[in-house]
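The sequence shown begins at 11 in the numbering used here and counts up by one. Idealized CB from N, CA, C, for every residue including glycine. Treat the numbers as computed from the prediction; the structure is a model and nothing was measured.
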Amino acid sequence: MNGSEADLLGSFGIRRRWRRPLWLQLAGIACLAGIATSSSAQDVNVHVEKRGELVVIDVKVPVAASVPDVWAVVTDYEHMASFLSDVKTSRVIRQQGNALEVAQSGQTTVAFMKFSFAVIRAVELQAPHEIRSHLISGDFKSYEATTRLVEQPSGTLIVHHGEYVPKAWLPPMIGPSVVESQTRKQYGEMIAEILRRKAASRSKE
């Protein structure tokens, strides 16, 4: 992504006369919190569930890359705007040891509509296996997410779990399906970046 990661949210500029559907940005949270990779976006297993106001996003992705290789990309907040199409700016604004504050902004397109977003998140890195994050400011009532990297014989399994309460209403049926689609898209972009870096590293050997 959740995510939808993010991101992951500030004040949305919408080119249409209706209430700001901030739920469309939930997909960015998962991505910006820490995303998995694999040989294809089709390998990204995304499940989105709405429980009252709460939106729960779970992602599992097997990656044909080592844990350090995956970690290097999913925590590369300074360069995420270069490989995630919806992210226009991404930077670490504060760091103390493994505790970061990450500011991100961007724009996503759904159908013929464009939505701007901005967010600041607190991120805790437990290298090289776990990323925890929560919202400092943005258009959510609450946001908590954890991404784990699990070593496997074939590479790495990324497991992401996020729980978000958006400030705007999320349609029960259409909303979760759009969040799922956007999450899968952004995970696909992260997949491509991890594989690209892996291939580049091998070519230098």
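Fill in: Selection from Ala75, Glu199 and Val65 that minimises the alpha carbon distance to Lys151
Along the sequence shown, one-based indexing puts residue 151 at 141. The shortest Cα separation from Lys151 among Ala75, Glu199 and Val65 belongs to Val65.
Item to complete: Output the boundary residues of the alpha helix (DSSP H) element that contains Ala155.
Response: Translated into positions along the sequence shown, residue 155 becomes position 145. Segment Phe150 to Gln162 is the beta strand (DSSP E) holding Ala155; no alpha helix (DSSP H) there.
Discussion item. Between the alpha carbons of Glu203 and Leu167, how many angstroms are there, rounded?
Written reply: In the sequence shown, counting from the first residue as 1, residue 203 sits at position 193. In the sequence shown, counting from the first residue as 1, residue 167 sits at position 157. Those two C-alpha atoms are separated by around 16 Å.
Discussion item. Does the contact criterion of 3 or more C-beta pairs under 8 Å hold for the region 78-94 versus the region 184-195?
Written reply: no
Practice prompt. For Val102, count neighbouring C-beta atoms within 10 Å of its own C-beta (all shown protein chains included) and say buried if the count is 16 or more, exposed if not.
Written response: In the sequence shown, residue 102 corresponds to position 92, counting from 1. So Val102 counts as exposed.
Discussion item. Using only the alpha-carbon positions, how far apart do Ile130 and Ser100 sit?
Written reply: Within the sequence shown, numbered from 1, the residue matching residue 130 stands at position 120. Within the sequence shown, numbered from 1, the residue matching residue 100 stands at position 90. One C-alpha to the other measures close to 10 Å.
Fill in: Helix, strand or coil at Thr193 [DSSP, three-state]
Taking the first residue of the sequence shown as position 1, residue 193 is located at position 183. DSSP places Thr193 in helix when its eight states are reduced to three.
Fill in: One or two residues paired with His171 in a DSSP bridge
Start at 1 with the first residue of the sequence shown, and residue 171 comes out as number 161. Its beta-bridge partners are Asp68 and Thr156.
Worksheet item: Tell me which same chain residues have a C-beta within less than 8 Å of the C-beta of Ser213, skipping the five on either side of it?
Response: For the purposes of this step, residue 213 is identified with residue 203 of the sequence shown, where counting begins at 1. Closer than 8 Å at Cβ, skipping near neighbours: no residue.
Item to complete: Check whether the Cβ atoms of Ala109 and Lys98 lie closer than 7 Å to each other.
Response: On the sequence shown, position 99 is the one that residue 109 refers to. On the sequence shown, position 88 is the one that residue 98 refers to. Going by C-beta atoms, Ala109 is not nearer than 7 Å to Lys98.
Worksheet item: Can you tell me where the beta strand (DSSP E) with Val56 in it begins and where it stops?
Response: Start at 1 with the first residue of the sequence shown, and residue 56 comes out as number 46. Per DSSP, Val56 belongs to the beta strand (DSSP E) from Asn55 to Arg61.
Worksheet item: Can you tell me whether Arg61 is buried or exposed, with buried defined as 16 or more other CB within 10 angstroms of its CB?
Response: Counted from its first residue, the sequence shown places residue 61 at position 51. Exposed, by the Cβ-count rule.
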